[in-house]
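As structure tokens, the structure follows; a few thoughts come after it.
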Amino acid sequence: MSCSSVGRFIIATQASTVSTLSTMYDSSLTPTLSTSNTKDSCPITERYLCVKENILNGDTKNKGDKGEILAKLELFHLDSLNEMHKLVEILGTDASEGISFLDMDTDDEIVDITKLTKKASSYCKADCKIKMRKTGKIYCVSIKTNEKPALLNHTPRSGKVFQEGGTLHDYIEDLDKIAEEYIDKRNAGKSQDMNIDEFECLKDKLLKERFMDVLAYFVFDGTGSGDSKCKANAMITRYKNGKITFTKCDNINEKRSYIVSIYNRLNISFRNKGMPKCISDDCKAWIFNDNNKPKGSLHVRVK
């Protein structure tokens, strides 16, 4: 394919309407620069490889952030080269006419690949917005890597979301039961990170269901501070080998299915990070004192 045939695709990236796709985009197939190959010497690919190299070699971002950016760059590059069949393999048939990445604040189409290196606000659960050109559907996508991503990040019991009037106030007693068993196990010599299967209390069907509600909130809808200004309705996972998977999470059932798919891989811990400087009575039910260091911020991570 010549560069001239992909002029209008120097724009954004993509999403989809499939429920769950596990097809692979192998980043090893990305063209490398060569003077003997027309496609490989295309300015679009040169630009992509330059930005990608800067991300890979930069030391200012953690592995999770790098993986998030690389996923966006790879999808943008496929769209720019008019590789619609590859987009369909990853994102489903709604990507058959291409995709656009949208600015998180303005919804303007992103046409400069370097703009994809900007991280979304911490008040957003979505990491990017992808618009399907075929349908006009916009997916607010949360991007995870396989670098043990956090689902619920260092949130104390005093978090606004758990207080009266907060979205998860009615779930605080359920979380107290998990915290109580966690503290008992820590006092008995268990390590800080415990797999979810180790909790006897979560064998209770109702408690398990309610804990899944809490997890779904933190994955898609909000943080300890409250509701997100941009909730997520799709998930992208990028693996070390270049594989990218897309999961549509556009309704309660799809969100629950995603949580179920990762549930047995979750580790629970209570940590010092995120604890308020002045510890109130609201915090105490979750606190395990580890060598006189109070650890009471709930943290859930995919192992």
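Residues in the sequence shown are numbered consecutively from 2, following the working numbering.
Using N, Cα and C, we set each Cβ at its ideal position, and we do this for glycine too.
C-alpha gap between residue i and residue j, whole angstroms
i      : j      : result
Gly137 : Glu165 : 39 Å
Asp228 : Trp287 : 22 Å
Met307 : Ser81  : Residue 307 is absent from the structure shown; the chain starts at 2 and stops at 304.
Thr31  : Ile263 : Residue placement at Thr31 cannot be trusted, given a pLDDT of 45 that sits under 50; what the coordinates show is reported in the next sentence. So the two alpha carbons sit approximately 29 Å from each other.
Thr246 : Ser281 : 42 Å
Leu92  : Asp108 : 20 Å
Leu76  : Asn234 : 18 Å
Lys73  : Asn273 : 33 Å
Lys126 : Thr156 : 15 Å
Cys141 : Ala121 : 11 Å
Ile260 : Val112 : 33 Å
Thr238 : Asp128 : 12 Å
Thr24  : Glu90  : At Thr24, the pLDDT of 40 sits below 50, so the modelled position is not reliable and the matter cannot be decided from this model.
Cys51  : Lys244 : 21 Å
Ile144 : Gly68  : 8 Å
Thr18  : Lys130 : Confidence at Thr18 is low in this model, with a pLDDT of 36, below 50, so the placement of that residue should be treated as unreliable; the coordinate-derived value is given next. About 14 Å.
Glu199 : Phe271 : 15 Å
His170 : Thr146 : 30 Å
Ser298 : Tyr49  : 40 Å
Met85  : Asp291 : 53 Å
Lys278 : Lys186 : 26 Å
Gly59  : Asp205 : 46 Å
Ile88  : Glu47  : Sequence inspection shows Leu at residue 88; the Ile mentioned does not correspond to that position. Roughly 20 Å between the two C-alpha positions.
Lys294 : Asn63  : 26 Å
Asn83  : Cys43  : 13 Å
Met276 : Asp177 : 16 Å
Reduced DSSP secondary structure (H/G/I, E/B, other) of residue i
i      : result
Ser23  : Residue placement at Ser23 cannot be trusted, given a pLDDT of 39 that sits under 50; what the coordinates show is reported in the next sentence. The answer is coil: DSSP assigns Ser23 none of H, G, I, E or B.
Gly65  : helix
Lys186 : helix
Phe102 : strand
Leu88  : helix
Ala151 : strand
Glu110 : strand
Cys125 : strand
Asn196 : strand
Met133 : strand
Thr94  : helix
Thr46  : helix
Thr156 : strand
Met213 : helix
Asp177 : helix
Ser1   : With the chain covering 2 to 304 only, the question about residue 1 has no answer from this structure.
Glu255 : helix
Lys120 : coil
Asn58  : helix
Glu75  : helix
Gly168 : In the sequence as displayed, the identity of residue 168 is Thr instead of Gly. Correct three-state label for Thr168: coil.
Tyr218 : helix
Lys241 : coil
Asp80  : helix
Lys53  : helix
Lys161 : helix
Lys204 : helix
Bridge partners - residue i, DSSP secondary structure assignment
i      : result
Ala235 : Val142 and Lys249
Asp228 : Gly223
Pro295 : Asn290
Ser270 : His300
Asn265 : In the DSSP output, where bridge partners are listed per residue, Asn265 has none listed.
C-beta contact flag for residue i and residue j at 8 Å
i      : j      : result
Thr168 : Tyr240 : no
Ile179 : Leu203 : yes
Glu201 : Glu182 : yes
Ile269 : Ile173 : no
Phe212 : Asp175 : yes
Gly223 : Pro150 : no
Thr118 : Ile56  : yes
Ser123 : Glu110 : no
Ser159 : Cys284 : yes
Lys53  : Leu79  : no
Val303 : Leu267 : yes
Leu208 : His300 : no
Lys296 : Gly225 : no
Ile139 : Leu103 : yes
Met105 : Cys250 : no
**Study point:** Stretch-stretch touch, CB-based, cutoff 8 Å, three pairs: the stretch 87 to 98 with the stretch 122 to 135
**Key:** yes
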